[in-house]
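Here is the structure we will look at.
Number of protein chains: 4
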Amino acid sequence: MPIALRPRTKPPAERRDELMNAAERLFLARGFEGTTVEEITTGAEVAKGTFYLHFATKGDVLEALRERFVQGLLDAVTAAVAGQPRDDWRGRLAAWARACAIGYLDAASLHHLVFVAVPPPSREGMARNVLVDHLDDLIAAGAHGGAWTIEESGFTAVFLFNALHGVVNQAAAGEPTGDRGSLLRALEAHVFRAVGLRPEAG
Amino acid sequence: MPIALRPRTKPPAERRDELMNAAERLFLARGFEGTTVEEITTGAEVAKGTFYLHFATKGDVLEALRERFVQGLLDAVTAAVAGQPRDDWRGRLAAWARACAIGYLDAASLHHLVFVAVPPPSREGMARNVLVDHLDDLIAAGAHGGAWTIEESGFTAVFLFNALHGVVNQAAAGEPTGDRGSLLRALEAHVFRAVGLRPEAG
Amino acid sequence: MPIALRPRTKPPAERRDELMNAAERLFLARGFEGTTVEEITTGAEVAKGTFYLHFATKGDVLEALRERFVQGLLDAVTAAVAGQPRDDWRGRLAAWARACAIGYLDAASLHHLVFVAVPPPSREGMARNVLVDHLDDLIAAGAHGGAWTIEESGFTAVFLFNALHGVVNQAAAGEPTGDRGSLLRALEAHVFRAVGLRPEAG
Amino acid sequence: MPIALRPRTKPPAERRDELMNAAERLFLARGFEGTTVEEITTGAEVAKGTFYLHFATKGDVLEALRERFVQGLLDAVTAAVAGQPRDDWRGRLAAWARACAIGYLDAASLHHLVFVAVPPPSREGMARNVLVDHLDDLIAAGAHGGAWTIEESGFTAVFLFNALHGVVNQAAAGEPTGDRGSLLRALEAHVFRAVGLRPEAG
DNA sequence: AATGAATGAGCGTTCATTCAT
DNA sequence: CATGAATGAACGCTCATTCAT
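Residue numbers (my numbering), protein chains in the order written: chain F, 1 to 202; chain P, 1001 to 1202; chain A, 2001 to 2202; chain U, 3001 to 3202.
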């Protein structure tokens, strides 16, 4: 005989968000398999059953987390690049690297969780693809605009994306090679080098 | 009255290896959490209890797999670099990248399993560190020898290691940017660029 | 701003009937345990909570279904028997068997559901008892009237009732021993024999 | 960290039987859905997991119970009929009815459970069919041998089987129409009547 | 060394029921 | 009257680990 002690209704979107937030925090701390649905609902201060009012399975929250992450990062990167003059390829590339690195610095573990530790069912690295595609386009456009010479922009995009992801991850993992500022500077220099620009140039 | 159809006992090392092989195959195919101890022992053709004669917990096999992987890759990379003239830094760097890439191409999923999907308990990327340290030493030595100018060899090592890992992984993931040969050539060119060498030079 | 597309309220009796109809259909199709309250309310096109405005528990609908079934069948049987001359015992018995068989043929699964699959809490076969009692009375009256010789009318009533139920059920279960007409004829013959009448007699 | 307090091994068949016995008792007392696996294992004095060493699902015990019941009853009935002279059709029919009734009197609820309350997945009443078929053969053989005149032995078999089942069930349900002996006598008389024999004859 | 029956904590999911709106 | 979000006890099933043989 279930007794509803606190059946306080909230807008579905809000409840859903609270569940996602609790899940994100727990997945990050103990992994996906290491987190129980009950912990998530406890974290969101709802009853266990409420979880299934918003997600069909435990895996579904992860899916939702994935989408939320990708959208946020893509928005940030797009905005940063768009903030640069149309033909300043160097600036656009630097903006991309910087925005992406900052996004990862803020959410490296989350990215790891949703795309690496528990890869999406279909293809590995959907986010990777979305972001890499964006970078690919940028590099190809710069090459077309004469900013640099890159033969296979796809390869370079993958190369740079992973390099960036790695150094950021390393930094986030607590083995810092310096503060955030110097990280971004060093990253920029390496990105420039990778496309054949001289890092020190303005 | 049990009949010993096959030798019931084997040297511990051999049994252990068979269990590790079965575990590796299964972990790769179904993931760590998705594999049961019973499946491992069935795969190794021993009884369930035998597992615990060789490993204290399920996690321990993964640990052992990690160590086996790192040692093998490190040996290969070390040998490849040692095969180059002492002062041919360019050649040594290229050898490093090539050996490491080939090692990953041959065992990308295994690396993913033991270092990414189920990260080691203590610090993230022990293998990364062992291999990155090796690369770090190489870059620092080359800088010291005047082959290139790198201020923070550690950063560059992490940068390159992850870039390499990423492009190799992409290739392994079935979205090839070309065949293995062209992958290695493109990789070499980017590695050279990253340390400031001109790729096209011999 | 909710818009009342259909009248939101209905006479209680009507709502209750709709819920019972939906429940009957679902219970028949998927069993009592296999049907959820939500499916019933969906079937009746009302909200989940509305169910509890009409029934205290899920078991209560079944109870209501039971009563509805018994009443209907008893009415039909009573009417059929009453349609025969007062002293035509043979005719009355045949009418009983025929009406009861037809009632079951039309609702065999429903009977099975409410009296067999989920027997009433208290005594087994309330319907059986109501109908059996009716038959018992009829047989006893016929014996008293000299139509046949039956010592324990109760036993014979139970015997006949179950025999009837069984052959009808078999027919309903899709393993017909003939069409409905021949079923009723064969049944009549067996019923007559069971009370010691010669079947072929007029 | 599971601790085995009493890991006492028993022959699989014995454990399986103990689980089946516990399940039978509980299913009979509280129904299939009303019984939990844990109650079964508690009843059999084993741990929960042990259940799944012997049955894949909860439904599987019921299946096993079904088979055990049918086999036992069929054996008893066959033996009883075989104990009568080959051409004593009256005696064979009486033996059939008596053995079947006794079998049911001893296990009426069990029959109800395994064949009626939770019908087998495929067709309704496998036992019914097996036993009915047996009776069908007997009636047909008797008709062929001139013992009685029955046109549709299948119909009569179903009729008698269900009549028998009903009166026995009624008796078992605690509403006795007399003691076991008089039940069997009354049953015999009705069975004879149903095939057109005069009950009082020797 | 090897076995495999036994254990039991734990998990994801379901769903009858309640009640604030 | 009607709604449907919220509740939480309960259940079937899994599986890492133990240990008597």
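Glycine is no exception: its CB is placed at the ideal position from the N, C-alpha and C atoms.
Note that the coordinates shown come from a computational prediction; the quantities given were computed from them, not determined experimentally.
The alpha helix (DSSP H) enclosing residue i, as first and last residue numbers
{"i": "residue 3058/U", "result": "3058-3082"}
{"i": "residue 2106/A", "result": "2089-2111"}
Rounded Cβ spacing between residue i and residue j (contact assumed at less than 8 Å)
{"i": "residue 2165/A", "j": "residue 2104/A", "result": "6 Å"}
{"i": "residue 2081/A", "j": "residue 2138/A", "result": "7 Å"}
{"i": "residue 3184/U", "j": "residue 3101/U", "result": "6 Å"}
{"i": "residue 134/F", "j": "residue 46/F", "result": "Their Cβ separation, rounded to whole angstroms, is 37 Å, which puts residue 134/F and residue 46/F out of contact at 8 Å."}
{"i": "residue 1246/P", "j": "residue 1107/P", "result": "Residue 1246/P cannot be examined here, being either before or after the span of chain P that is shown, 1001 to 1202."}
{"i": "residue 163/F", "j": "residue 1032/P", "result": "Rounded, the Cβ-Cβ distance is 27 Å, inconsistent with contact."}
{"i": "residue 1147/P", "j": "residue 1090/P", "result": "6 Å"}
{"i": "residue 24/F", "j": "residue 110/F", "result": "7 Å"}
{"i": "residue 1019/P", "j": "residue 1061/P", "result": "7 Å"}
{"i": "residue 2143/A", "j": "residue 2150/A", "result": "5 Å"}
{"i": "residue 3058/U", "j": "residue 3037/U", "result": "6 Å"}
{"i": "residue 3087/U", "j": "residue 3145/U", "result": "6 Å"}
task: Could you run through the segment 28-59 of chain F and flag, in chain order, every residue whose CB is less than 7 Å away from some CB of chain P?
output: 33
query: So does the segment 2065-2074 of chain A actually touch the segment 2038-2046 of chain A, counting three or more Cβ pairs closer than 8 Å?
result: no
- prompt: Listed in chain order, which residues of the segment 1063-1084 of chain P have Cβ atoms closer than 8 Å to some Cβ of chain F?
  reply: none
message: What ranges does the alpha helix (DSSP H) occupy inside the segment 1005-1058 of chain P, keeping only unbroken runs of at least 4 residues that lie completely in it?
response: 1012-1030, 1037-1043, 1048-1054
message: Three or more C-beta pairs under 8 Å: does that hold for the segment 1082-1100 of chain P against the segment 1047-1065 of chain P?
response: no
message: Against chain F, which members of the segment 1147-1170 of chain P pass a CB distance test of less than 9 Å?
response: 1151, 1152, 1154, 1155, 1156, 1158, 1159, 1160, 1161, 1162, 1163, 1164, 1165, 1166, 1167, 1169, 1170
- prompt: Are the segment 1015-1029 of chain P and the segment 186-198 of chain F touching, with three or more C-beta to C-beta distances below 8 Å?
  reply: no
- prompt: Between the segment 1189-1200 of chain P and chain F, which residues of the former have a C-beta closer than 7 Å to a C-beta of the latter?
  reply: 1190, 1193, 1194, 1196
task: Would you check if there are 3 or more beta carbon pairs closer than 8 Å linking the segment 1155-1168 of chain P to the segment 163-170 of chain F?
output: yes
Every unbroken alpha helix (DSSP H) within the segment 1131-1182 of chain P, with a cutoff of 4 residues, ordered by chain: 1153-1172
Members of the segment 3132-3143 of chain U that neighbour chain A once the beta carbon cut-off is set at 7 Å: none
query: Of the residues that make up the segment 3086-3097 of chain U, which ones have a beta carbon closer than 9 Å to any beta carbon in chain A?
result: none
field: Chain-ordered residues of the segment 3007-3023 of chain U with a beta carbon less than 7 Å from chain A
entry: none
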